[in-house]
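*Asks:*
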Amino acid sequence: MRRALIAAMPLALAGGITACDDDQPSAGPSAAGPSTPGSTGRDSVAPAAPASGFPSLRVTAVVAGLDHPWDVKPIGHGRLLVTERDRARLSVVANGHRHTVAYPSRTVWVSGETGLMGLAVDPRFRTNHRVYLCQGGTLPDGGHDVHVTAWRLNVAERKVTRIRTLVGGFPTSTGRHGGCRLLVARNGALVVGTGDAAIGTNPRDLTSYGGKTLRLNRFTGKPWPGNRWADADSEVQRYVHTWGHRNVQGLAQRADGSLWSVEHGSDRDDEVNLLRNGADYGWNPVPGYDESVPMTDPSLPGHQVEARWSSGSPTLATSGADWLPDRIASGWGSYRGTLAVAALKASRLLFMKFDGTGRLRWVKAPDALTHHGRLRSVTTLPGGDVLVTTDNGNGQDRILRVRPQS
Ligand SMILES: [Ca+2]
Ligand SMILES: [Ca+2]
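Structure follows, in C-alpha cells:
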C-alpha cells in the first residue's frame, strides 16, 4: 500500500502542483480519467475484477432539467427529494415530474463549491416528516459559514418549515472545499462530512469543524455521546468523529454497520476511507495551504489511517457513494455488496469490492455509466436500484436510475 504513495512523491516534489479541482466543471466526459480504474495508484495491488457474473445495467433518466443536483433521497411511494447546489433549490420528484418546495433559497450562501448540498431524510420520516440539509449561510457579521438544519416537509410536500439549526459555524473561505455530506446512521446519529475550507490548519485542529466527520443527535443537535471526545472542553471537539480530511464528499454505511467516507485528493490520491471513531486521516496542508503534502502523511505525530482505496494519479474526483444490496436476489450479481462511487472528473461510476475486513479486492467501472458526464451522488433505493446524479450544469442535469438486467 505504501509503495504507490511513495511512487507518487516525485510528482509532488516536481512542483507545479495544481489543485485538481475537484469541483470545477471541466470538459465533461472528454476529461475522463484512466479507463481502467486500478491502472494507477494503490488500487493497482487489487486483483482484477472477476471476468463474469456482472449483469448488464439499464440506465434510465428519472428526471431532467436539473442544475448541479447535489443529493437525492427517497421519501417513500416512489417520490424523491433533491437538492441543487447553485440554485439552492429543494424539489420533490414524482412520476418523472419535479416541483419546487418552498424553502428560503435566498438565505443560502452560494459560492464556488458551496451552496445547498447534503440532504438526509429521517428514518421516521413517514411520521415526523423531518429532513436535514447542509447549506452555506451568511452570519450576522457578514461572514459566511456552512451549517446543518432540520426541517419539516409539509404533508402536501410543497414547503419546508425550519425546525432548528443543529450545528453550524463550519469554516469557509471562498466556498472552496465546503463539504458537506449528511448521513443518518443506523444507530440514529446524524453524520456530517465537512471540507477543510482550503484553510491549511483546519484538518488537524480539533477545535475546528473543517476537514472532519462529525456525529450528533439529529433531534437536539448535541454531540453524539459515543464520540471519542464527547466530554472535551471544546464544544467543537465534542462533535468530532474523525479528522485530518480534505473535503469529505461521500458518506455510506455498510451492512455491517461500518461507516465509510469518500474525499477528493489534491493533484493525486482521491480516497475511500473506513472511518474509526477518533481516528486521524492524515491531511495536513501547511504552511499556508500547501497541497503538495500527501493525502495521508504517516510522518505526522500519532497514527494516520491509510485509505482503503486511493486513485493514485491522476485523480478521478470521487464524490458521493453508497453500498449496493448484498442479497443474491437483488440481481446485482458480482456487483452486489460493492461500494458504488461517483466520479466527477472521470465521469464514471466505480464499483469497489471490499472484503469483510475492508480490504480492496477489485474496482470495475462499467461502460453503461461512462456516457453521462460528471457524476456526483449515489443513492441505493430500498428496492435495490441505484440513483446517480449528473453534474454537468447548464440546466442539463439528470437523476439516473441504474438497474441490473436479469
Ligand atoms: Ca487521508
Ligand atoms: Ca504518524
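Its first residue numbered -5, the sequence shown is counted upward by one per residue in our numbering.
Each residue gets a CB set at the ideal place from its N, CA and C atoms; glycine is no exception.
It should be emphasised that the depicted structure is a prediction, and the values quoted were computed from it without experimental measurement.
Considering only heavy atoms of ligand 2, does any lie closer than 7 angstroms to the CB of Gly296?
*Replies:* Working through the sequence shown from its first residue, we reach residue 296 at position 302. Yes; taking the cut-off as 7 angstroms, the Cβ of Gly296 has a heavy atom of ligand 2 nearer than that.
*Asks:* What are the start and end residues of the alpha helix (DSSP H) that includes Arg120?
*Replies:* For the purposes of this step, residue 120 is taken as residue 126 along the sequence shown, with counting starting at 1. Start and end: 119 to 122.
*Asks:* Under 8 angstroms by Cβ, that's how I've got Val57 and Ile393 pegged, so tell me the actual separation to the nearest angstrom.
*Replies:* Position 63 of the sequence shown, counted from the start, is the residue given in the question as residue 57. Position 399 of the sequence shown, counted from the start, is the residue given in the question as residue 393. About 5 angstroms separates the beta carbon of Val57 from that of Ile393, a gap short enough to meet the 8 angstroms contact definition.
*Asks:* Please classify Arg180 as buried or exposed, where buried requires at least 16 neighbouring CB atoms within 10 angstroms.
*Replies:* As a position in the sequence shown, residue 180 is number 186, starting the count at 1. Flag for Arg180 reads exposed.
*Asks:* If you follow the beta strand (DSSP E) that Trp254 is part of, which residue opens it and which one closes it?
*Replies:* Numbered from its first residue, the sequence shown carries residue 254 at position 260. Element bounds for Trp254: 253 to 257.
*Asks:* Quick test of your reading: Gly325 and Pro98, contact by CB under 8 angstroms. State the CB separation rounded to the nearest angstrom.
*Replies:* In the sequence shown, the residue the question calls residue 325 occupies position 331. In the sequence shown, the residue the question calls residue 98 occupies position 104. Not confirmed; about 41 angstroms, so no contact.
*Asks:* How close, in whole Å, do the beta carbons of Gly194 and Pro281 come, if the pair is a contact with beta carbons under 8 angstroms?
*Replies:* Mapped onto the sequence shown, residue 194 falls at position 200. Mapped onto the sequence shown, residue 281 falls at position 287. Their Cβ separation, rounded to whole angstroms, is 7 angstroms, which keeps Gly194 and Pro281 in contact under 8 angstroms.
*Asks:* Return the residue from the list Ser313, Gly350, Arg212 that minimises the CA-CA distance to Ala249.
*Replies:* If you number the sequence shown from 1, residue 249 lands on position 255. Measuring from the Cα of Ala249, the nearest candidate turns out to be Gly350.
*Asks:* Measuring only from the beta carbon, is Trp254 closer than 7 angstroms to any heavy atom that is part of ligand 1?
*Replies:* Position 260 of the sequence shown, counted from the start, is the residue given in the question as residue 254. Trp254 Cβ: outside cutoff for every heavy atom of ligand 1.
*Asks:* Take Asn148 and list the residues in its own chain whose beta-carbon comes closer than 8 angstroms to its own, dropping the five residues that flank it on each side.
*Replies:* Start at 1 with the first residue of the sequence shown, and residue 148 comes out as number 154. Excluding positions up to five away in sequence, the list reads His123, Val154, Thr155.
*Asks:* In angstroms with no decimal places, state the Cα-to-Cα distance between His365 and Val142.
*Replies:* Position 371 of the sequence shown, counted from the first residue, corresponds to residue 365. Position 148 of the sequence shown, counted from the first residue, corresponds to residue 142. Cα-Cα distance, rounded: 34 angstroms.
*Asks:* Beta-carbon distances below 6 angstroms to any heavy atom of ligand 1 define the shell here; list its residues in chain order, please.
*Replies:* Glu265, Tyr275, Gly276, Trp277, Met289, Thr290, Ala301
*Asks:* Return helix, strand or coil for Ala323, following the three-state DSSP convention.
*Replies:* Here the question's residue 323 lines up with position 329 in the sequence shown. Correct three-state label for Ala323: helix.
*Asks:* Taking only runs that begin and end inside the stretch 200 to 271, name each unbroken beta strand (DSSP E) of 3 or more residues, in chain order.
*Replies:* 206 to 211, 234 to 237, 242 to 247, 253 to 257, 265 to 269
*Asks:* Does the Cβ of Arg73 have 16 or more other Cβ atoms within 10 Å, making it buried, or fewer, making it exposed?
*Replies:* Numbered from its first residue, the sequence shown carries residue 73 at position 79. By the 10 Å Cβ count, Arg73 comes out exposed.
*Asks:* From the DSSP output, in three-state form, read off Val363 for me.
*Replies:* Position 369 of the sequence shown, counted from the first residue, corresponds to residue 363. Per the sequence presented here, residue 363 reads as Leu, with Val not at that position. Helix, per DSSP.
*Asks:* For Ala96, which of helix, strand or coil comes out of DSSP?
*Replies:* The residue you call residue 96 lines up with position 102 of the sequence shown. If DSSP states are grouped into helix, strand and coil, Ala96 belongs with the strands.
*Asks:* Enumerate in chain order the residues of its own chain whose CB-to-CB distance from Gly331 is below 8 angstroms, with the five nearest sequence positions on each side excluded.
*Replies:* Residue mapping note: residue 331 aligns to position 337 of the sequence shown, counting from 1. The answer, listed in chain order, is Ala249, Trp317, Leu318, Pro319, Asp320, Lys347.
*Asks:* Can you look up Tyr126 in the DSSP assignment and give me helix, strand or coil?
*Replies:* Your numbering for residue 126 matches position 132 in the sequence shown. DSSP places Tyr126 in strand when its eight states are reduced to three.
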